[in-house]
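Taking it in order: structure first as structure tokens, then the write-up.
Residue numbers (the working numbering), protein chains in the order written: chain A, 63 to 544; chain B, -15 to 182.
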């Protein structure tokens, strides 16, 4: 019977390992070399590596949104705009489809973890998809299609206004409840997420190029509101008419990398034989193991794993534009996606933590019940052993103890293997966006973007030969992931 | 415990289940609303109904009574002002087909097509025999110019989406710059997406 139970647990561990790490753990290892290619401007190479990673099963079906997003952005920066749009279209459709949640997957997620769920993308990632598609169409000189993307961005932003407006209402109600001494409430944080500064900025430029001045005014107002007045002067400058016999050239540069999620884990162990409980916080720099006296009846083991959002370091602090080696000043910081990622995460955090707590509780209950069963069986064996001679009894007891220990270890292993935080996010998305405007007479120019650190030292450099046409939107794009 | 493992196994099995792909041939005019986006059916139905409306208005009779011939029409640009990437080329072709097949108007090739034909005619002047080479400057000038736009308004909340398309076509008298006809067709779609599936 004991062997049967052991085999059951072993089988469970085996099935879980067969199901694959991807199902119980976010796969990020393959991103190392992909991100290296992004940093060294080798975007076609990055696209090839993403494709290879997909063929190696690094992007499961549930992660298809991430695959499409990664491919979309790699191909965009590689200058393969039409292909980039194909992937970003698929990403958008997949995000829309993932509104429908699979009940079976939700149930499994309570037994395993949130990694089994289909990744639906964050709101800011969804909007950034349209921003990149808009840029793709601008580069392809398909103004009408670029405007479609602008309208889609605005549509999504108005949806967010409804969504977060609704949340704010709930928050208000919740605050009222708290004032009335409600014991327990989960409130989303107050948010500015209903705005996409970059989306609104590009929308403003698009409407300006079409001559829709009413829409330009609306977008400018939104831009000022979303940036709390920070972009008032900049937007005024951008909208100022070009000098005589010149064309307006808009510069747009992406810098750094978007924030990522990391795992915070808490392990709690209790052994009634020792009357000691142990708390471990692995994954931290200084691994802490704290033990404390505790008296309980049942042995238990629990793992609580939750994601945390972490900004990634970037050496770039300023971006300088040079036209034919002539310094034309620095670009203006339009938006930092790090703040949006943090805000989005903070809104969802209470729900993520609540789900993780529930899951931990379910797993700890299963863990405790299984161990209780193992102990009971172990005691049963002792009773059987009373009729035998002492030597045989001791030998059998030792054997049973070993088996019981092994079984309990397997039970804890299942808990540990399956409990992981969902760390999925669009890791190849840039971190910040800068913009500027210059007036140039129509013709061919060499435009250089110098990416500078806080001391003004050049960290990265991009040179582009561009043709300025008075009838074009003339948007010059740059990027550095350093 | 065994029941629990059985449950996990069943859930894993169910979540992994997916139907295979089947292909079925259907009539091209059969309505296929899959995603709720603008599709071939919308394009065809809008073209049919708008051109029917256009050809049943007084401008046509007035022209025929005045000139004793069928008016020459050209289809210009149909702008996409919607929130979807609509292939306006397909819509323009549907309009052209309806116009030609009506037999009530003469139809000239579009700008791009005309340029291609002009090239061919120029080629003929150099390489074709005198008997078969087509003459230059014999093109039929259009009497009316048809332009339009497709716009959309979307409203969405928690899995329910209402899309309202409004298609405007305008027939402009090339000589007088007056508008002979304005047509409008509206389509409203309600798309519901369930929040949950098994």
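Quick reminder that beta carbons are idealized off the backbone N, C-alpha and C, glycines included.
Sequence-distant residues of its chain with Cβ nearer than 6 Å to residue i (five each side left out)
i                      : result
residue 64 of chain B  : 70, 72 and 134
residue 540 of chain A : 315, 511 and 524
residue 237 of chain B : Any answer about residue 237 of chain B is impossible in this case: the structure gives chain B only from -15 up to 182.
residue 168 of chain B : 152
residue 183 of chain B : Any answer about residue 183 of chain B is impossible in this case: the structure gives chain B only from -15 up to 182.
residue 243 of chain A : Reliability of the predicted coordinates at residue 243 of chain A is poor, the pLDDT of 49 falling under 50, and no value is obtained from them.
residue 129 of chain A : 116 and 121
residue 377 of chain A : 515, 521 and 544
residue 47 of chain B  : 55
residue 149 of chain B : 136 and 171
Which of helix, strand or coil DSSP assigns to residue i
i                      : result
residue 114 of chain B : coil
residue 363 of chain A : strand
residue 215 of chain A : helix
residue 249 of chain A : With a pLDDT of 46 at residue 249 of chain A, under the threshold of 50, the modelled position of that residue is not reliable, and the figure given next carries that caveat. Residue state, collapsed to three classes: coil.
residue 179 of chain B : coil
residue 497 of chain A : strand
residue 342 of chain A : strand
residue 381 of chain A : strand
residue 164 of chain A : strand
residue 223 of chain A : helix
residue 485 of chain A : coil
residue 153 of chain B : strand
residue 187 of chain B : This structure leaves residue 187 of chain B out entirely; chain B is present only between -15 and 182.
residue 63 of chain B  : strand
residue 141 of chain B : strand
residue 123 of chain B : coil
Cβ neighbours of residue i in the same chain (closer than 8 Å, five flanking residues each side left out)
i                      : result
residue 480 of chain A : 78, 86, 173, 174, 175 and 425
residue 267 of chain A : 300, 312, 535 and 537
Outcome for residue i when other beta-carbon atoms lying within 10 angstroms are tallied against a minimum of 16
i                      : result
residue 582 of chain A : With chain A represented from 63 up to 544, any question about residue 582 of chain A goes unanswered, as that position is not in the structure.
residue 427 of chain A : exposed
residue 15 of chain B  : exposed
residue 470 of chain A : buried
residue 473 of chain A : buried
residue 49 of chain B  : exposed
residue 509 of chain A : buried
residue 133 of chain A : buried
residue 215 of chain A : buried
residue 488 of chain A : buried
residue 179 of chain B : exposed
residue 9 of chain B   : exposed
residue 7 of chain B   : exposed
residue 372 of chain A : exposed
Where the beta strand (DSSP E) through residue i begins and ends
i                      : result
residue 523 of chain A : 520 to 530
residue 88 of chain A  : No beta strand (DSSP E) holds residue 88 of chain A; DSSP gives it neither H nor E.
residue 27 of chain B  : Run containing residue 27 of chain B: none in the beta strand (DSSP E); it sits in the alpha helix (DSSP H), 24 to 39.
residue 83 of chain B  : Careful: residue 83 of chain B lies outside any beta strand (DSSP E), inside the alpha helix (DSSP H) at 72 to 86.
residue 389 of chain A : 388 to 392
residue 324 of chain A : 322 to 333
residue 312 of chain A : 309 to 319
Residue i - containing alpha helix (DSSP H), residue span
i                      : result
residue 463 of chain A : 452 to 480
residue 148 of chain A : 143 to 159
residue 99 of chain A  : 93 to 101
residue 136 of chain A : 126 to 139
residue 18 of chain B  : Unbroken run through residue 18 of chain B: none, as it is neither H nor E.
residue 49 of chain B  : 42 to 51
residue 282 of chain A : 275 to 288
residue 190 of chain A : 185 to 201
residue 112 of chain A : 105 to 117
Close Cβ partners of residue i (< 7 Å) along its chain, the five nearest in sequence each way excluded
i                      : result
residue 357 of chain A : 337
residue 531 of chain A : 309 and 504
residue 176 of chain B : 143 and 144
residue 296 of chain A : 394
residue 333 of chain A : 361
Distance cut-off 7 Å: residue i Cβ against heavy atoms of the ligand GTP
i                      : result
residue 161 of chain A : The ligand GTP is not among the ligands present in this structure, which contains no ligands whatsoever.
Near-chain B residues of the region 195 to 206 of chain A - C-beta to any C-beta below 8 Å
206
Any residues in the region 88 to 109 of chain B with a beta carbon nearer than 8 Å to a beta carbon of chain A? Which ones, in chain order?
none
Within 9 Å of chain A by C-beta, residues of the region 44 to 76 of chain B in sequence order
63, 64, 65, 66, 67, 68, 69, 70 and 72
Where the region 153 to 166 of chain A meets chain B: residues whose CB sits under 9 Å from a CB there
155, 158, 159, 161, 162, 163, 164, 165 and 166
Chain B contacts from the region 208 to 222 of chain A (Cβ-Cβ distance under 7 Å):
210, 213, 214, 217 and 221
Positions along the region 123 to 154 of chain B whose CB lies within less than 8 Å of some CB in chain A
138, 140, 141 and 143
Could you run through the region 503 to 531 of chain A and flag, in chain order, every residue whose CB is less than 9 Å away from some CB of chain B?
none
Mind listing which residues of the region 10 to 23 of chain B have their C-beta closer than 7 Å to chain A's C-betas, in chain order?
none
If you measure beta-carbon to beta-carbon, which residues of the region 324 to 338 of chain A are closer than 7 Å to chain B?
none
What residues in the region 166 to 182 of chain B have a beta carbon less than 9 Å from any beta carbon of chain A?
177, 178, 179, 180, 181 and 182
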